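Following my numbering, the numbering of the sequence shown begins with 731 at its first residue and continues without gaps. Glycine included, C-beta positions come from ideal geometry on N, C-alpha and C. It should be emphasised that the depicted structure is a prediction, and the values quoted were computed from it without experimental measurement. Notes follow once the structure below has been shown.
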Amino acid sequence: MDGKVCLVTGANSGIGRETALALAKMGATVTLVARDPAKGGATLDDIKRESGNEHVELMLADLASLDSIRQLATDFRAKHQQLHVLVNNAGSYNAQRSETKDGFETTFGVNHLAYVLLTSLLLDLLKASAPARIINVSSGAHKGASINFDDLHSNDGYRGMGVYGQSKLANVLFTYELARRLEGTGVTANCLHPGVVRTNFGRNNTGIFGSLFVVFQVVARPFLLTPAQGAETSIYLASSPEVEGVTGKYFVKKQPVESNKVSQDIEVAKRLWQVSEEMVK
Ligand SMILES: NC(=O)c1ccc[n+]([C@@H]2O[C@H](COP(=O)([O-])OP(=O)(O)OC[C@H]3O[C@@H](n4cnc5c(N)ncnc54)[C@H](OP(=O)(O)O)[C@@H]3O)[C@@H](O)[C@H]2O)c1
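So this is what it looks like as structure tokens:
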């Protein structure tokens, strides 16, 4: 990955951290995106030390704010003329309904709309750097989900798992539509399920739900992947010559597999694209 420029969101924790570390170890120039300066700074120091790569930097952004995402893109473009790998990874499960700075339901806003806006703001750089790759971290949780176009921000009843599944289905639909639109540009777009991984996922929740995630991770510990194992498919998609030119696929354990039926519906993908574009302006 020498000479390649990579950007990873959610890079201070879990799967994102391990993805950024692996890319740094391979010699890439890596931009870590985090919202918390202390957590991000500590991760930056660790990754530089563990990889021996000085070409690692931190950029701060709250992906629950369109202005902050725009600022991130501006900051990145001020420093870099190229981008070869964009890993949209940051995401969260929210047991209680909350809203982003722009009034979007947080799960839909951070897990889906942030992927859409950041990608679109960096797309010309990716095209100019082709061959380039976009990797969207989705989840097997997309499988039982559908897109509720009548209530995308879950104003009318909120179920954390349903809303999370919808956002991860949106990742798959966005990836497929993006791949179709990028045909012939040399920029590929793929998404993935990382497995069930022992990270800080879910810990943002307080009360009973926060405690349930902790208990689950203790009880299920022997069956959970480590963050490094959970990052393997992201790293593969970001760096392996085996997937050069491969686009519009959903990967599990480094293999393309079939995603759910709704995700393959081109009309749903087009409609989601259009409404998302309107939301992020
Ligand atoms: N763990 C699993 O079993 C699993 C399974 C399927 C899919 N996934 C997906 O994998 C991805 C990474 O999750 P993980 O398991 O590594 O969880 P994690 O350890 O909680 O990491 C999530 C990252 O996203 C960041 N993030 C969340 N909201 C943000 C915001 N508003 N602005 C900026 N950054 C924000 C977090 O920052 P803070 O540290 O500041 O909160 C953190 O760096 C997510 O997209 C998740 O949906 C995970």
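Check, Outcome
"Below 7 Å, is the gap between the Cβ of phenylalanine 931 and the nearest heavy atom of ligand 1?", "yes"
"Mapping the DSSP letters down to three states, classify isoleucine 865 as helix, strand or coil.", "strand"
"Would you say the beta carbon of asparagine 920 comes nearer than 7 Å to a heavy atom of ligand 1?", "no"
"Can you have a look at proline 767 and say buried or exposed, based on whether 16 or more other CB atoms are within 10 angstroms of its CB?", "exposed"
"Let me know the secondary structure DSSP gives alanine 758 once reduced to three states.", "coil"
"In terms of residue numbering, what span does the beta strand (DSSP E) encompassing valine 998 cover?", "Looking at the DSSP string, valine 998 is not in any beta strand (DSSP E); the run it does join, the alpha helix (DSSP H), is 996-1010."
"Classify tyrosine 980 as helix, strand or coil using the three-state DSSP reduction.", "strand"
"For threonine 956, which residues of its own chain have a beta-carbon under 7 Å away from its beta-carbon, when the five flanking residues on both sides are left out?", "Arg928"
"Which runs of the beta strand (DSSP E) at least 3 residues long sit entirely within the region 875-939? Give them in chain order.", "917-923"
"Tell me whether glutamine 1016 sits in a helix, a strand or coil according to DSSP, three-state version.", "Nothing about residue 1016 can be read from this structure; the chain reaches only from 731 to 1011."
"Identify which residue in Ser868, His814, Asn824 has its Cα closest to the Cα of leucine 862.", "The identity of residue 862 in the sequence shown is alanine, whereas the question assumes leucine. Comparing Cα-Cα distances from alanine 862 to each of Ser868, His814, Asn824, the minimum goes to His814."
"Go through its chain and collect everything with a Cβ distance to tyrosine 894's Cβ below 7 Å, but skip five positions before and after it.", "Tyr823, Thr837, Ala871"
"For the beta strand (DSSP E) containing glutamate 787, list its first residue and its last residue.", "786-790"
"Excluding the 5 residues flanking valine 902 on each side, which residues of the same chain have their C-beta closer than 7 Å to its C-beta?", "Ser868, His872, Cys921, Tyr980, Ser989, Ser993"
"Among Arg765, Leu774, Arg827, Gly782, which residue has its Cα nearest to the Cα of serine 798?", "Arg765"
"Within the same chain, show all residues whose beta-carbon is closer than 7 Å to that of alanine 803, passing over the 5 residues directly before and after it, in chain order.", "Leu848, Leu851, Leu852"
"Under three-state DSSP, which class holds asparagine 841?", "helix"
"In chain order, what residues of the same chain have a beta carbon less than 6 Å from the beta carbon of lysine 778, not counting five sequence neighbours either side?", "Val786"
"Should the region 740-760 be called in touch with the region 957-970, which here means at least 3 C-beta pairs below 8 Å?", "yes"
"Looking at lysine 769 and ligand 1, is the gap between the Cβ and the nearest heavy atom below 7 Å?", "yes"
"Isoleucine 864 and leucine 908 look like a contact to me (Cβ under 8 Å); what is the Cβ gap, rounded to whole Å?", "7 Å"
"Return yes when the Cβ of asparagine 841 is within less than 8 Å of the Cβ of serine 745, no when it is not.", "Checking the sequence, you will find isoleucine at residue 745 rather than serine. No; because the gap between Cβ atoms is not below 8 Å, this pair is not in contact."
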